[in-house]
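Below is one structure; the comments refer to it alone.
Number of protein chains: 2
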Amino acid sequence: MTDLAERHRELLAQALDAIDRRTFWAGYAEHPKAYGEEAPAVGQERFEALLGTDFDTGQATSGYMEVAERSPYGLELGIRYPSVSVDDAVVAASDAMAAWGRLSPSDRASVCLEILDRLAKDPFTMANAVMHTTGQAFLMAFQAGGPHALDRALEAVAYTYREETRIPEPLRWVKPQGSRDPLVLDKRWIVRPRGVAVAIGVSTFPTWNGYPGIFASLAAGNPVIVKPHPETILPFALLVRTARDVLSEFGYDPNVVQLVVDTPSAMVTKDLVMRPEVGIVDYTGGSAFGTWLEENVHHAAVYTEKAGVNSVILDSAADLKGVFRNLSVSMTMYSGQMCTTPQNLFVPAGGVKVGDAMVPYEEVVARFVGAVDGLLGDDARASGILGAVKSETSLARIGAAAETGRVLSESREVGNADFPDAIVRTPVIVEVDTSSPAYATEMFGPVIFVVKAESTDDAIASAKAVAKEHGAITWLAYSTDESVVDAITDAALEAGVSVAFNLTGGWFVNQSAAYSDFHVTGANPAGNASLTDPAFVAGRFRVVGVRSEPAA
Amino acid sequence: MTDLAERHRELLAQALDAIDRRTFWAGYAEHPKAYGEEAPAVGQERFEALLGTDFDTGQATSGYMEVAERSPYGLELGIRYPSVSVDDAVVAASDAMAAWGRLSPSDRASVCLEILDRLAKDPFTMANAVMHTTGQAFLMAFQAGGPHALDRALEAVAYTYREETRIPEPLRWVKPQGSRDPLVLDKRWIVRPRGVAVAIGVSTFPTWNGYPGIFASLAAGNPVIVKPHPETILPFALLVRTARDVLSEFGYDPNVVQLVVDTPSAMVTKDLVMRPEVGIVDYTGGSAFGTWLEENVHHAAVYTEKAGVNSVILDSAADLKGVFRNLSVSMTMYSGQMCTTPQNLFVPAGGVKVGDAMVPYEEVVARFVGAVDGLLGDDARASGILGAVKSETSLARIGAAAETGRVLSESREVGNADFPDAIVRTPVIVEVDTSSPAYATEMFGPVIFVVKAESTDDAIASAKAVAKEHGAITWLAYSTDESVVDAITDAALEAGVSVAFNLTGGWFVNQSAAYSDFHVTGANPAGNASLTDPAFVAGRFRVVGVRSEPAA
């Protein structure tokens, strides 16, 4: 065992235990205070020092390029990134694979864990980078972009390592032949990488969604070309620089991890993934391009997380206050720009049973709208919850959604005291009924539909139909009736959607805990993969058998 | 645990142990004598009783159809099979999935093992069915078509069961919150099937190649529609009938397993696999259709085993006699109709080092040809090794191959005393050099190329280039030089081919042992999957998470 493997042995062992048990565990502290008093300011300074500069990843480059990266907080980023051609990157990755692919699983895992450790030691630089590229509020950017993403990465390394090391050590195989001499073969199995991996980043949660595929590919021996979203580059640039530093420091080819950046007017992703050297593609983003990948990339394993239409079904509850306290946060957090955000709140027209009483539909809806409006009434608090809106398209959906039904609450502009140019909007809340096509497509951004259902059964059937047709990642349901819980679980199984029940406290359906919650089922159009399960990692390497007749 | 689960508990436990250890183990006896004195005659009678009849699988059918099934031994089969439309089969499978998909992994595995047990108790009916549809000699048909195929099936069930049961039982997840109350969620995970599975059979080894996918799909909760090769139907009809009998007997919907038969003039496979209900496709067969599946079926997981060009590299040996004793069998067994048969024998022009002496190229080649001719000189012995040639296309390759180089040994017709109409040919042996395109494509059937290489390095480079371009499943190499062994292992890793060294005894490179040898690496164009590894089973089911806040 190398020193590096020894250094990370205990953490890897704990992660391996965690993925088997799936009870709570975390490898990286999620509380900003855990990092010391100086850390926030240091990270802030490091981030600011990057603005307006050439970001050097150490890659061979023909120069630094202007990009379309922009901050929803209105901060001028102005960072230029190395210009690296698809051809150069693929050739360098292929060259790097030869040695990286032949390291032991333990050596590769330990390099991965060293990279994670370096990132964990500087979470505030990353937090600022994530905040100012994605529009997340600071605390979310810190946690989801930092320690939670690192935990998702460690989880992926653990899964991959576990899978690789299930193959036995060299052995002698002896097949009895009755009274004759047995057949004897010496056998060993060698893990080999699948090919060059391409990780295509998303604009909203680049690290949290991207790390699992990147680190699973690395741990399995594949070099990774990271292709960030053209408008959210810096978080991945930090990752790539850190990874390359670690690789170089320990004597490995830094081209095991490379950054290839593009712009909306000259996109390179299709060229990149169609290269025959590519063996793996990981993608998080919109459905159109994800489906293009699934349909056109036949020479590589393609893992997608695309869009989904997530639903809440409100059947009955012990107490509506807790319901709306939880829902008002989960439906507005980061302005609906999470792939796990519930978009549709189904409410039966006959009302909702609360304890022994029936609360009429209109009252339920009014209380929900009141809870959202109350939560977001104060600009400072609203900013902390909503963050900022990343894309023009998301912003445009507010108006489009308002056309589709009765507006229960208008979207309003929210002022952000720290960043006056930040684009912050409260969600528009629109009422439609289950026959409306409006709620059946993903309205990523600050849009909430209250869907008036004929009954709980109608709500379940509608949520299921939408999930099967357009995908869904999460369902949340409230019911005190066991038979309704069973019916919703049944529908969730058929639609391939994970489901949560009766969340009223401090856990939100949007949240997916590493080592415990599988993210995406892969069983509906929201994606073909789960981050992280054995199916997500098992195809990232191949096994070559070597059999030898022992010398006489 | 049900009675059925209890009945098969011990065998499943042994298989689970075997896939972890990969040392020798077998679940089913491979020696015909193990089945008692009466068994061969009983199986023969049962087989003969099927000839010329309507084969009833118990499926709803509009009638029985004539098919193109034919015996390479010249026996008139004349069996008619139920006519089942794609639409009816898919609807029935979807209906059957609801209940089958919700059984426990243990219950499904035990039903699978009961099916295997029934098949294991009547191996001679299957042996005759396999022999007379594929052209395999009796002993191969018995072993590869019976117990070895059953072991491959049990292996797939064990892998699937292991994968499903790695997910923990329901648990309480508790996340500490410092001085505040912890976050508490009750979590459980439910395995759900991927969708209707379609298993597309091959004409030569329907059961051995087909069982792994079929039983992995079944164990994972997917109903299976078995679509045999239009000319090799009976083995799968026997499987389907047995499976349906077991399912009915234990109260399950027999449509969990269905047979859909077609004819060359009205093929249904494309219609079948393009149905949106289909979630899994397993395929063994030619590259053209396998590639079509990989490129066109985006809505389902596609597992292929296609063609490959397998090579032997002869560098040096302790003794040529053992080399050719082994090679003459492996290169002629079942007339080269195994996906693992070595097609190309690379011999360096400078000769082969044997002990301390250099045996000149021409002498090496002459001794190889002599060994093959000697082995196949006697018609009775030749028939036992060669079996019969299944397809007209394979037969036609003899003449085509002879045109491409110097014929070292002509193909000759071999008489089969038991079956005068059997189509039996010794292989044509053709000499080409490494610049020839002839040896670079798969010549499935009785064709052997001796490829004259400039050197061992040229041989390695040529074998590697062919494997990377056209695929390969096996390599066999002879060398007493460790550096050559390393170079060949290195090339095998890069080409993604499993490799055997210095086989001179009773084990042939064509053979792939269940529980120990991975079949196909999935790392070159010979196929995208390995039968059976975790990647082959992990995607056949999906996991839906259910999280609930505990009631106050």
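Going down the list, the protein sequences come from chains F and D.
With this note's numbering, letter number 99 in the first sequence gets 99, and the count goes up by one each step, no holes.
To convert, count from 1 in the second sequence and add 552; that's this note's numbering.
Each residue gets a CB set at the ideal place from its N, CA and C atoms; glycine is no exception.
Note that this is a predicted model, so its numbers are computed, not measured.
Amino acids of chain F, ordered along the chain, whose beta-carbon sits closer than 7 Å to that of residue i
| i | result |
| --- | --- |
| D:H850 | E294, E295 |
| D:W725 | T23, F24, S516 |
| D:W652 | Residues of chain F passing the Cβ test: none, with the nearest at roughly 13 Å. |
| D:E914 | Residues of chain F passing the Cβ test: none, with the nearest at roughly 27 Å. |
| D:G1058 | L183 |
| D:G1091 | A535 |
| D:E715 | P534 |
Chain D contact residues for residue i, given Cβ-Cβ distances below 8 Å
| i | result |
| --- | --- |
| F:P206 | Per Cβ cutoff of 8 Å: no residues; F:P206 is ~24 Å from chain D at best. |
| F:P342 | The premise fails here: F:P342 is roughly 14 Å from chain D at the closest Cβ pair, so nothing lies under 8 Å. |
| F:S530 | R1094, V1095 |
Within chain D, the residues that residue i reaches when beta carbons sit closer than 7 Å
| i | result |
| --- | --- |
| F:D533 | V1095 |
| F:S192 | For clarity, residue 192 of chain F is Arg in the given sequence; the question names Ser instead. What F:R192 touches in chain D: L1045, G1048, A1075. |
| F:T125 | In chain order: nothing, as chain D lies at least about 25 Å away. |
Cβ neighbours of residue i in the same chain (closer than 8 Å, five flanking residues each side left out)
| i | result |
| --- | --- |
| F:A438 | A401, T404, G405, V430, V432, F449 |
| D:Q566 | W577, G579 |
| D:A1043 | I1012, A1013, A1015, K1016 |
Classification of residue i by the beta-carbon crowding that lies within 10 angstroms, buried from 16 upward
| i | result |
| --- | --- |
| D:G666 | The identity of residue 666 of chain D in the sequence shown is Glu, whereas the question assumes Gly. Label assigned to D:E666: buried. |
| D:R660 | buried |
| F:M274 | exposed |
| D:R1094 | buried |
| F:P147 | buried |
| F:G527 | buried |
| D:R724 | exposed |
| F:R180 | exposed |
| D:V726 | exposed |
| F:S383 | buried |
Neighbourhood of residue i by C-beta, 6 Å cutoff - its chain only, sequence neighbours within 5 removed
| i | result |
| --- | --- |
| F:A422 | Y73, G74, A388, N416 |
| F:A538 | E163 |
| F:A300 | V278, G279, I280, V281 |
| D:S614 | S635 |
| D:V792 | T609, V778, V809, L811 |
| D:A768 | A708, T712, V1089, R1092 |
| D:C891 | I1025 |
| F:L314 | V347, V352, Y478 |
Residues that residue i contacts on chain F, provided the C-beta gap is smaller than 8 Å
| i | result |
| --- | --- |
| D:V1051 | V544, G545, V546, R547 |
Residue from the options with nearest C-alpha to residue i
| i | options | result |
| --- | --- | --- |
| D:G1109 | F:G377, F:D356, F:L185 | With chain D covering only 553 through 1104, there is no way to say anything about residue 1109 of chain D. |
| D:A672 | D:G926, D:D703, D:D659 | D:D703 |
| F:A60 | F:F47, F:R46, F:V86 | F:V86 |
| D:E914 | D:G926, D:P1102, D:V899, D:D925 | D:V899 |
| F:R425 | F:L408, F:P182, F:P446, F:E442 | F:P446 |
| D:G929 | D:T892, D:Q889, D:T884, D:A948 | D:T884 |
| F:V520 | D:D797, D:G687, D:W741 | D:W741 |
| D:A641 | D:V1061, D:G588, D:P775, D:M819 | D:P775 |
| F:N141 | F:I385, F:E392, F:V499 | The identity of residue 141 of chain F in the sequence shown is Ala, whereas the question assumes Asn. For F:A141, the nearest C-alpha among the options comes from F:I385. |
| D:A1087 | D:V1098, D:A1075, D:A859 | D:A1075 |
| F:P168 | D:H560, D:D572, D:A870 | D:D572 |
| F:N344 | F:E410, F:G399, F:A495, F:A453 | F:A453 |
Cross-chain neighbours of residue i in chain F, by beta carbon under 9 Å
| i | result |
| --- | --- |
| D:L1055 | L185, R547, S548, E549 |
| D:T1041 | I190, V544, V546 |
Own chain residues within Cβ distance below 7 Å of residue i, not counting five before or after
| i | result |
| --- | --- |
| F:S436 | T404, G405 |
| D:P787 | M678, A681, V682, T685, G697, P758, T759 |
| D:N761 | V754, T836, E857 |
| D:A644 | N807, Q810 |
| F:V261 | M65, V67, Y81, P228, I233 |
Starting from the N-terminal side, write out each stretch of the alpha helix (DSSP H) that is 4 residues or longer and does not extend beyond the region 863–928 of chain D. 872–882, 913–927
Whole beta strand (DSSP E) elements within the region 113–178 of chain F, 3-residue minimum: 171–177
With a floor of 3 residues, list each beta strand (DSSP E) that falls wholly inside the region 260–287 of chain F, ordered by position along the chain. 278–284
Beta strand (DSSP E) segments (min. 3 residues) lying fully within the region 177–241 of chain F: 180–193, 196–200, 224–227
Kindly provide the ranges of any alpha helix (DSSP H) runs that are 4 or more residues long and lie completely inside the region 1018–1100 of chain D, ordered along the chain. 1034–1047, 1086–1090
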